[in-house]
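Following our numbering, the numbering of the sequence shown begins with 1 at its first residue and continues without gaps. The next block holds one structure in the form of structure tokens; read it before the comments.
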Amino acid sequence: MTQRESTTRFLKGIGASAGVAIGRAYLVDRSRVKVIYQYLLDDNKVEEEIERFRQAVDRAEEQLRQIQEEIPEEIKDQAGIFDSHRLILRDKLLYDQTLEQIKSEQINAEWALKKSVEKAQEAFAKIKDEYIRSRFKDVEDVSERILRNLTGKKVESLSEVPEPVIIVAHDLSPADTTQMRLDRVLGFATDMGGKTSHTAIIAQSLEIPAVVGLERITQEFSSGSLIILDGTNGEVIINPDQKTVQDYSNRKKNYEKFRAEIARYSHLPAVTLDGQALKVRANIEFMEELGAVLDSGAEGIGLFRTEFLYLSQKELPGEDTLYENFKEVARRVAPVPVTIRTLDIGGDKFASQMDLAEEMNPALGLRAIRFCLKEVDIFKRQLRAILRASLHGRLKILFPMISDVDEVLQAKAILKEVEAELRSEGIRFDPKIPIGIMIEIPSAVVTADLLAREVDFFSIGTNDLIQYTLAIDRVNEHVAHMYQPLHPAILRLIHQTIEAGHRADIPVAMCGEMAGEPLYIPILLGLGLDELSMNPVTIPRVKQIIRLISYQESRRFVEEVLTLTTTGQVNRYVRHEMAKRFPDLFGPNGNLLYS
Ligand code: PEP
Ligand code: MG
Numbered sequence: 001m002t003q004r005e006s007t008t009r010f011l012k013g014i015g016a017s018a019g020v021a022i023g024r025a026y027l028v029d030r031s032r033v034k035v036i037y038q039y040l041l042d043d044n045k046v047e048e049e050i051e052r053f054r055q056a057v058d059r060a061e062e063q064l065r066q067i068q069e070e071i072p073e074e075i076k077d078q079a080g081i082f083d084s085h086r087l088i089l090r091d092k093l094l095y096d097q098t099l100e101q102i103k104s105e106q107i108n109a110e111w112a113l114k115k116s117v118e119k120a121q122e123a124f125a126k127i128k129d130e131y132i133r134s135r136f137k138d139v140e141d142v143s144e145r146i147l148r149n150l151t152g153k154k155v156e157s158l159s160e161v162p163e164p165v166i167i168v169a170h171d172l173s174p175a176d177t178t179q180m181r182l183d184r185v186l187g188f189a190t191d192m193g194g195k196t197s198h199t200a201i202i203a204q205s206l207e208i209p210a211v212v213g214l215e216r217i218t219q220e221f222s223s224g225s226l227i228i229l230d231g232t233n234g235e236v237i238i239n240p241d242q243k244t245v246q247d248y249s250n251r252k253k254n255y256e257k258f259r260a261e262i263a264r265y266s267h268l269p270a271v272t273l274d275g276q277a278l279k280v281r282a283n284i285e286f287m288e289e290l291g292a293v294l295d296s297g298a299e300g301i302g303l304f305r306t307e308f309l310y311l312s313q314k315e316l317p318g319e320d321t322l323y324e325n326f327k328e329v330a331r332r333v334a335p336v337p338v339t340i341r342t343l344d345i346g347g348d349k350f351a352s353q354m355d356l357a358e359e360m361n362p363a364l365g366l367r368a369i370r371f372c373l374k375e376v377d378i379f380k381r382q383l384r385a386i387l388r389a390s391l392h393g394r395l396k397i398l399f400p401m402i403s404d405v406d407e408v409l410q411a412k413a414i415l416k417e418v419e420a421e422l423r424s425e426g427i428r429f430d431p432k433i434p435i436g437i438m439i440e441i442p443s444a445v446v447t448a449d450l451l452a453r454e455v456d457f458f459s460i461g462t463n464d465l466i467q468y469t470l471a472i473d474r475v476n477e478h479v480a481h482m483y484q485p486l487h488p489a490i491l492r493l494i495h496q497t498i499e500a501g502h503r504a505d506i507p508v509a510m511c512g513e514m515a516g517e518p519l520y521i522p523i524l525l526g527l528g529l530d531e532l533s534m535n536p537v538t539i540p541r542v543k544q545i546i547r548l549i550s551y552q553e554s555r556r557f558v559e560e561v562l563t564l565t566t567t568g569q570v571n572r573y574v575r576h577e578m579a580k581r582f583p584d585l586f587g588p589n590g591n592l593l594y595s
């Protein structure tokens with residue numbers, strides 16, 4: 001181990017899911033072929049690895065020869081490229097270097113090759129001649145070929161993680177996270193991502209501590225290193241000393257004790273000191289979370305992100321599969337309601353089976369309701385399943401990413417068609433199923449009075465509302481510090497939405513991550529929200545705070561907050577007031593004492 005690899009280092013990122021994890025890191029390289037680091041335990045393994053590498057190169061040579069032989073007449077003059085590729089295969093920079101590294105560092109062939117390619121890249125970068133410099137592409141192509149041979153083309157999946165580890169990756173897609181073997185993943189840390197990226201949200205649901213937006217963690221250490229991950233404070237410590245490990249083990253224990261303690265009171269109702277009741281519901285992504293929801297004290301499900309039923313499977317789920325899922329949720333949560341959000345695919349959530357075109361700005365692209373209004377068959381299949389399941393409990397339908405009244409009218413028209421089809425087939429459903437929309441695009445807020453006439457409820461999606469209002473990509477770690485829920489513009493938009501909803505006599509919920517942030521609870525209550533829906537893990541804490549505050553006081557608090565002009569002022573004021581009001585819960589800077 002080099003000295004750099006054994007020294008203690010601290011990295012600061014964004015805490016995406018609370019809790020502490022201590023364990024060995026498992027590096028997942030998400031470059032073209034996924035490369036995993038392995039430390040070879042003995043000389044025999046080193047010999048085997050060398051042989052494996054040689055064979056992979058031999059195979060690559062054979063493949064290149066074959067391609068060259070079969071090349072069509074018309075492009076025969078291009079065949080020279082394969083000669084160069086064959087030369088690169090055996091080039092010192094790649095071949096000898098990789099063998100040398102397998103031996104000297106006792107690492108697997110894939111990782112050694114990756115390191116050789118990185119070195120070659122540095123060497124190429126220094127070359128003045130642009131053409132020659134650009135030939136680095138050939139080195140990459142050749143190494144990719146060897147890698148495929150080494151890995152047998154199999155795409156490494158996170159379900160293959162060998163033992164309990166902390167996953168470290170440049171990025172993890174929501175689909176990756178859905179494949180994780182929960183019993184083997186202690187936590188994860190990524191270079192990319194913000195607090196409200198879907199990957200972060202899933203980590204919270206799975207109650208896996210996570211730190212995102214670390215920018216360079218994948219380049220900072222070797223796989224197998226011991227690391228501490230503090231998902232509450234957004235910190236990662238690589239190669240910690242004994243004392244630090246002890247310190248964090250204690251924190252981990254305290255945190256778990258604290259969670260167990262507040263969970264004891266989670267079934268008490270969320271009613272303020274002066275008798276104002278607020279509905280506190282759960283957001284879920286997977287059926288597996290239902291148990292946690294029922295334990296958390298949630299009064300139903302305020303947001304079922306159904307797209308994860310599509311992301312975690314090889315094929316698009318059929319109507320019956322969807323129906324079975326919705327029926328089970330409805331049944332298990334009854335008599336309290338479940339709000340099923342229709343497919344919100346796109347943005348940072350992709351399903352490989354759907355073959356969505358790559359878009360320059362996926363968050364502004366064919367996402368959610370836009371996708372459903374185009375792919376009407378997929379949409380109808382889901383609506384049929386929801387309607388059929390509606391007999392088994394109390395279901396509501398929620399349309400995501402609504403930007404204007406037309407979209408609501410179109411979605412409702414399709415729903416009407418589906419209802420008519422079911423009737424003609426003699427299939428029963430709840431004809432009064434409530435229809436709501438997500439308010440998560442600024443244009444929806446501005447036209448909230450018009451939209452309110454068309455629907456039975458609103459649900460404010462602050463994750464996207466903040467993204468689209470402040471022009472801050474929610475998954476981009478470089479602008480994460482600007483992602484500010486307490487921006488006066490955001491507070492005004494929430495206020496406006498609630499007013500419009502209430503004037504039309506419809507309830508207004510909030511289901512973005514902001515709803516589960518303890519610091520914001522008095523503001524959300526004072527603004528007049530009827531329902532908060534959040535990650536089940538935060539429910540006990542949020543209910544605890546609601547029971548400690550007064551509605552009238554919260555209204556006065558909000559009046560004051562709405563007069564402030566900058567995000568900084570609002571932040572300072574809110575933190576100061578919360579620390580003063582709840583010294584047992586918040587530290588002097590307004591940070592939660594335990595979270
Ligand atoms: C939101 O945007 O706030 C929301 C709840 O939806 P999602 O996070 O799934 O985009
Ligand atoms: Mg959203």
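Ideal Cβ positions, reconstructed from N, Cα and C, are used throughout, including at glycine.
| query | Along the chain, where does the alpha helix (DSSP H) that runs through residue 358 open and close? | reply | Unbroken run through residue 358: none, as it is neither H nor E.
| request: Give the single residue among 325, 297, 300 and 299 whose Cα lies nearest to the Cα of residue 310. | output: 325
| For residue 232 and residue 471, the rounded distance between their alpha carbons | 26 Å
| What do you get for residue 25, buried or exposed, if any count of 16 or more other CB atoms within 10 angstroms of its CB means buried? | buried
| task | Mind listing which residues have their beta carbon within less than 5 Å of any non-hydrogen atom of ligand 2? Chain order is fine. | result | 440, 461 and 464
| task | Identify, in the order they occur along the chain, each residue of the same chain with its Cβ nearer than 7 Å to the Cβ of residue 17, setting aside the five sequence neighbours on each side. | result | 200, 203, 204, 208, 209, 210 and 231
| Nearest-angstrom Cα distance between residue 346 and residue 307? | 9 Å
| Roughly how many angstroms separate the alpha carbons of residue 274 and residue 366, rounded to a whole number? | 46 Å
| field | Any non-hydrogen atom of ligand 1 within 6 Å of residue 511 CB | value | yes
| So what does DSSP say about residue 568, is it helix, strand or coil? | helix
| message | Spatial neighbours of residue 488 within its chain, please: C-beta separation below 6 Å, excluding the five flanking residues on both sides. | response | none
| said: Please report the distance separating the alpha-carbon of residue 588 from that of residue 272. | reply: 24 Å
| query | Helix, strand or coil: how does DSSP classify residue 326 here? | reply | helix
| task | Indicate, with yes or no, if ligand 1 has a heavy atom lying under 6 Å from the CB of residue 281. | result | no
| field | residue 339 - DSSP class collapsed to helix/strand/coil | value | strand
| Where residue 121 and residue 111 are concerned, what is the direct C-alpha to C-alpha distance, given to the nearest angstrom? | 15 Å
| said: Taking the beta carbon of residue 190 as the centre, do at least 16 other beta carbons fall within 10 Å, making it buried, or is it exposed? | reply: buried
| Inter-stretch contact at 8 Å, needing at least 3 Cβ pairs: the region 326-343 / the region 562-578 | no
| request: Could you name the residues of the same chain whose beta carbon sits closer than 6 Å to that of residue 549, not counting the 5 residues immediately before and after it, in chain order? | output: 272 and 522
| said: My output table needs one value for residue 510: the three-state DSSP class, helix, strand or coil. | reply: strand
| task | In the DSSP assignment, find the unbroken alpha helix (DSSP H) run with residue 117 in it and report its ends. | result | 109-125
| query | With DSSP run on the structure shown, which of helix, strand or coil describes residue 283? | reply | strand
| said: Quick check on this structure: which residue in 61, 132 and 172 has the alpha carbon closest to the alpha carbon of residue 149? | reply: 61
| alpha helix (DSSP H) runs contained entirely in the region 235-295, provided each spans 4 or more residues | 242-263
| field | Secondary structure of residue 401, DSSP reduced to three states | value | coil
| In angstroms, rounded to a whole number, what distance separates the CA positions of residue 484 and residue 187? | 26 Å
| query | For the alpha helix (DSSP H) that residue 303 lies in, which residues bound it at each end? | reply | Not the alpha helix (DSSP H): residue 303 falls in the beta strand (DSSP E), residues 301-305.
| Any idea which residues DSSP pairs residue 143 with across the strands? | The partner list for residue 143 (beta bridge, DSSP) is empty, contrary to what the question assumes.
| query | Cβ-heavy atom distance between residue 305 and ligand 1 below 6 Å? | reply | yes
| Closest by CA to residue 184, which one among 127, 141 and 164? | 164
| query | Can we say the region 471-480 touches the region 452-460, given the rule of at least three CB pairs closer than 8 Å? | reply | no
| query | What is the rounded straight-line gap between the Cα of residue 138 and the Cα of residue 90? | reply | 13 Å
| Bridge partner(s) assigned by DSSP for residue 190 | 169
| field | Residue interval of the beta strand (DSSP E) (run including residue 15) | value | 14-17
| query | For the 8 Å Cβ check, are there 3 or more pairs between the region 383-396 and the region 415-428? | reply | yes
| task | List the whole-angstrom C-beta distance separating residue 403 from residue 441, where the pair is believed to meet the contact cut-off of C-beta under 8 Å. | result | 5 Å
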